[in-house]
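Numbering (this note's numbering), first residue to last: 113 to 457.
Laid out in structure tokens, this is it:
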């Protein structure tokens, strides 16, 4: 298929492009390149790309594609809360406009990168795709709104699917330091301590970035009637962890590290466990390949191999990067490049 991947230069996208091209698909990227130059290890796989903000995409950009995989978003809670209006403008309104443009352009499939964050504060219960939404951040709310409006576009010519990713982890050329497994391994490796911001009791579903990419590939190639206007939790039911258990795995993986709880650390309101059985039942050939211990080992080995330092690791925090670009006058308050030249790293 000819596939357009928005956000192809990001954390998940830079891995997914490799998975899709290896499977024989013809990939074009679309990205505003907020994180260009923020490379860890090898450069991402190079593909033809459109340098454009997802908010500015038109139908003419999308003609001739068989599918759009929409990853581009403000992609974590601190960044989403930096400017909630901008979060909804990109993650909700921008997503719907992109889908409308894709439908107008005759693109038959639209795979939306949603999130298990839309379940929010849910406690210990295992949640299927029909569970009640209870998001606790702007990021989570934006995913709820986007899914609802995308479903209204579904018809015999336009088939959206919603992949609700568990919390990602793992190595990527566009490494992120602000997601839990990556953060704990990076802090442990660079400081010797695993610093716990909460009391460690919250549950979180976790999934390797490569397994996310393979799930998108499986949905992309699936029969239309199996995935049309359907939501899928992406992960594995066995990979729901309390954060304190993740910390203990990291302690065992990173030599000489210890766990420290910050004084007064309480429970994180983001607490949920998800059942991912629908994806495996619908697409029985798809299986996840990673668990957190293997992923933590991969991260540790990568950090050793590339000589990760504390300063280097902090530079892979999304909100830090955005604030630096804004302070330098290269991005405005809506996260638009101030001049075309500002987008060039």
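Backbone N, C-alpha and C fix where the C-beta goes; we use that ideal spot for every residue, glycine too. Please read these numbers as outputs of a predicted model, since none were measured by experiment.
- Annotation for residue 211: 222, 262, 265 and 272 place their beta carbon closer than 7 Å to its own, counting only its chain and skipping 5 residues before and after.
- Given a length threshold of 3 residues, each whole run of the beta strand (DSSP E) inside the region 303-336 is given here in chain order: 305-308 and 315-320.
- Around the beta-carbon of residue 385, 16 or more other beta-carbon atoms lie within 10 Å, marking it buried.
- Closest option to residue 382, judged by alpha-carbon separation, among 124, 247 and 177: 247.
- Spatial neighbours of residue 252 in its own chain (CB-CB distance under 6 Å, excluding positions within 5 residues in sequence) are listed in chain order as 229, 230 and 232.
- Between residue 438 and residue 304, the alpha-carbon positions lie close to 32 Å from each other.
- Residue 284 carries a coil assignment under DSSP once its states are collapsed to helix, strand and coil.
- With 16 or more neighbouring CB atoms inside 10 Å of its own CB, residue 120 falls in the buried class.
- Only buried fits residue 430, as 16 or more other CB atoms lie within 10 angstroms of its CB.
- Secondary structure at residue 113: coil, using DSSP grouped into helix, strand and coil.
- In the structure shown, residue 228 falls within a helical segment according to DSSP collapsed to helix, strand and coil.
- Going by beta carbons, residue 345 and residue 391 fall inside the 8 Å limit.
- For residue 156 against residue 286, the beta-carbon gap comes to about 7 Å, under 8 Å, which counts as contact.
- Counting other Cβ atoms within 10 Å of its Cβ, residue 323 reaches 16 or more and is therefore classed as buried.
- One alpha carbon belongs to residue 214, the other to residue 146, and they sit about 23 Å apart.
- Residue burial annotation: residue 325 is buried, with at least 16 other C-beta atoms found within 10 angstroms of its C-beta.
- Looking at the backbone, the Cα of residue 360 and that of residue 313 are separated by about 13 Å.
- Residue 414 sits in a helix when the DSSP states are folded into three classes.
- With fewer than 16 neighbouring CB atoms inside 10 Å of its own CB, residue 421 falls in the exposed class.
- Rounded to the nearest angstrom, the gap between the Cα atoms of residue 172 and residue 180 is 14 Å.
- Taking the C-beta atoms as reference points, residue 258 is found nearer than 8 Å to residue 208.
- For the pair residue 414 and residue 283, the CB atoms are nearer than the 8 Å cut-off.
- Each of 219, 426, 182 and 315 was checked against the Cα of residue 269, and the nearest Cα belongs to 219.
- Rounded to the nearest whole angstrom, the C-alpha separation of residue 434 and residue 426 is 13 Å.
- By alpha-carbon distance to residue 152, the top candidate from 174, 298 and 373 is 298.
- When the Cα atoms are used, residue 280 and residue 321 turn out to be separated by approximately 6 Å.
- Classified as exposed, residue 374 has fewer than 16 neighbouring CB atoms from the shown chains inside 10 Å of its CB.
- In the structure shown, the three-state DSSP call for residue 175 is coil.
- Close CB contacts of residue 227 within its chain, under the 8 Å cut and outside five residues either way in sequence, are with 251, 252, 255, 276 and 277 (chain order).
- A direct Cα-Cα distance of roughly 11 Å separates residue 406 from residue 293.
- Around the Cβ of residue 316, a 10 Å sphere holds 16 or more other Cβ atoms; the residue is buried.
- Boundaries around residue 162 are those of the beta strand (DSSP E), 161-163, since no alpha helix (DSSP H) includes it.
- If you ignore the 5 residues before and after residue 216, its C-beta comes within less than 6 Å of the C-beta of 171, all in its own chain and listed in chain order.
- Relative to the Cα of residue 236, the nearest Cα in the group 165, 349 and 336 belongs to 349.
- Going by C-alpha positions, residue 167 is about 16 Å away from residue 225.
- The straight-line gap separating the alpha-carbon atoms of residue 159 and residue 352 is approximately 34 Å.
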